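A.B. asks: The sequence shown begins at 1 in UniProt numbering and counts up by one. Just dropping this structure here.
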Amino acid sequence: MLTGLSINFHLHYLDALKKNLIAIAVVISLLIVLIIRIAVRQGHLPLRNVSNAIKNITSENLDARLEPTRVPIELEQLVISFNHMIGKIEDVFTRQANFSADIAHEIRTPITNLVTQTEIALSQDRTQKELEDVLYSSLEEYNRMTKMVSDMLFLAQADNNQLIPDRVRFDLRAEVMKVFEFFEAWAEERNITLKFNGMPCLVEGDPQMFRRAINNLLSNALRYTPEGQAITVSIREQESFFDLVIENPGKPIPEEHLLRLFDRFYRVDPSRQRKGEGSGIGLAIVKSIVEAHHGRVRVESDVRSTRFILSVPRLEKMIPEIQC
């Protein structure tokens, strides 16, 4: 005799359990995904805040900075680096704005003078001598503008790393003496003595560029040296550099102005008349020339004198009889 037991109830129970487990698994999976999404979103919140703050920084508010203390420690260095970068960009924008304003003023001034002189000359009949005077005066303004444009092109080449000096060996002392000869008449007129201390020194570079740098520094020294005083140019030997020092007595330059003297169009006294004081970019040209020769330039000033120091790398092999 065989006895049968129905398992339909058990099969139904197992099927229901299976469906419940699947439903629970789906719900748990959805909860896990939701929790992960919330956690990731919360974790990315500082990054989004930083991103939004960066988006709000434009050329109009480059003085804005991110607060490192308000971000997780993992992002502090990133924020500090970003603030440093923005500071550099702000400085570039400020310099560019000042430069554009200054060069516009520098060009507008001679153009205004030319227009005024021409209008006055045409306002009534003039003698030939008067017309010649007007033309000579206009020629001076044209020459000044030509020199300024030439200087600006020179600096533009330096800014774009297109300033490639010739590499020849020459005696720096001889170049200094050539510049001395050029300025002798001006120095004698102002009763200023030009002195040189140093032996012949062989260097490698572009002699015309070096002469231009020395010319700019010496003309600057002559402009601010009191009458009856002396300007001293000397060469000092260092371990891996040699220093060309141009020293002149006169009113000391305030310390806060020293680092900016090599900025274009920068003047210690902005109210000072520009006429007869050059274009205001002579020292910027000096810096570009020296840096193109892998050197550096600095200025020191005290109650005794002001010293511009050009440091240029020494040659590894030098001719013994004219070593610096």
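Where a beta carbon is used, it is the ideal one built from N, C-alpha and C, also for glycine. All values derive from a computational prediction rather than experimental measurement.
1. Could you say if the segment 300–312 and the segment 231–248 meet the contact criterion of at least three C-beta pairs nearer than 8 Å?
2. Which value, in whole angstroms, describes the spacing of the CA atoms of residue 294 and residue 165?
3. Residue range of the beta strand (DSSP E) that residue 169 falls in?
4. Can you say whether residue 249 is buried or exposed, counting buried as having 16 or more other CB atoms within 10 angstroms of its CB?
5. Enumerate, from N- to C-terminal direction, the unbroken alpha helix (DSSP H) stretches of 4 or more residues contained entirely within the UniProt domain "HAMP" (41–94).
6. Is it the case that the segment 132–145 contacts the segment 167–179, given that we only count it when at least three CB pairs across the two stretches are under 8 Å?
7. Which residues does DSSP pair with residue 297 in a beta bridge?
8. Just to confirm the assignment: which complete alpha helix (DSSP H) runs, minimum length 4, are found wholly within the segment 88–173?
9. Which residues in the same chain have their Cβ closer than 6 Å to the Cβ of residue 194, if we skip the five residues on either side of it in sequence?
10. Any idea if residue 7 is buried or exposed, counting beta-carbon neighbours within 10 angstroms, 16 or more meaning buried?
11. Just grab the DSSP bridge partners of residue 231 for me.
12. Do you know how far the Cα of residue 189 is from the Cα of residue 258?
13. Under 8 Å between the Cβ atoms of residue 151 and residue 285?
14. Is the CB-CB distance between residue 288 and residue 163 below 8 Å?
C.D. replies: Based on what the coordinates show:
1. yes
2. Taking the sequence shown and counting its residues from 1, one reaches residue 294 at position 294. Taking the sequence shown and counting its residues from 1, one reaches residue 165 at position 165. Their backbone Cα atoms lie some 11 Å apart in a straight line.
3. Residue mapping note: residue 169 aligns to position 169 of the sequence shown, counting from 1. Element bounds for residue 169: 168–171.
4. Position 249 of the sequence shown holds residue 249. Under this definition residue 249 is a buried residue.
5. none
6. no
7. Here residue 297 corresponds to residue number 297 of the sequence shown, with the count starting at 1. Looking at the DSSP assignment, residue 297 forms a beta bridge with 310.
8. 128–159
9. Stepping through the sequence shown from its first residue, residue 194 is reached at position 194. Hits under 6 Å: 180, 187 and 231.
10. Stepping through the sequence shown from its first residue, residue 7 is reached at position 7. When all chains shown are included, residue 7 counts as exposed.
11. The residue given as residue 231 occupies position 231 in the sequence shown. According to DSSP, residue 231 bridges with 194.
12. By one-based count along the sequence shown, residue 258 stands at place 258. By one-based count along the sequence shown, residue 189 stands at place 189. So the two alpha carbons sit approximately 29 Å from each other.
13. As a first step, residue 151 must be located in the sequence shown, where it is residue number 151. As a first step, residue 285 must be located in the sequence shown, where it is residue number 285. Closer than 8 Å, so yes.
14. For the purposes of this step, residue 288 is identified with residue 288 of the sequence shown, where counting begins at 1. For the purposes of this step, residue 163 is identified with residue 163 of the sequence shown, where counting begins at 1. Against a cut-off of 8 Å, the Cβ pair of residue 163 and residue 288 comes out as a contact.
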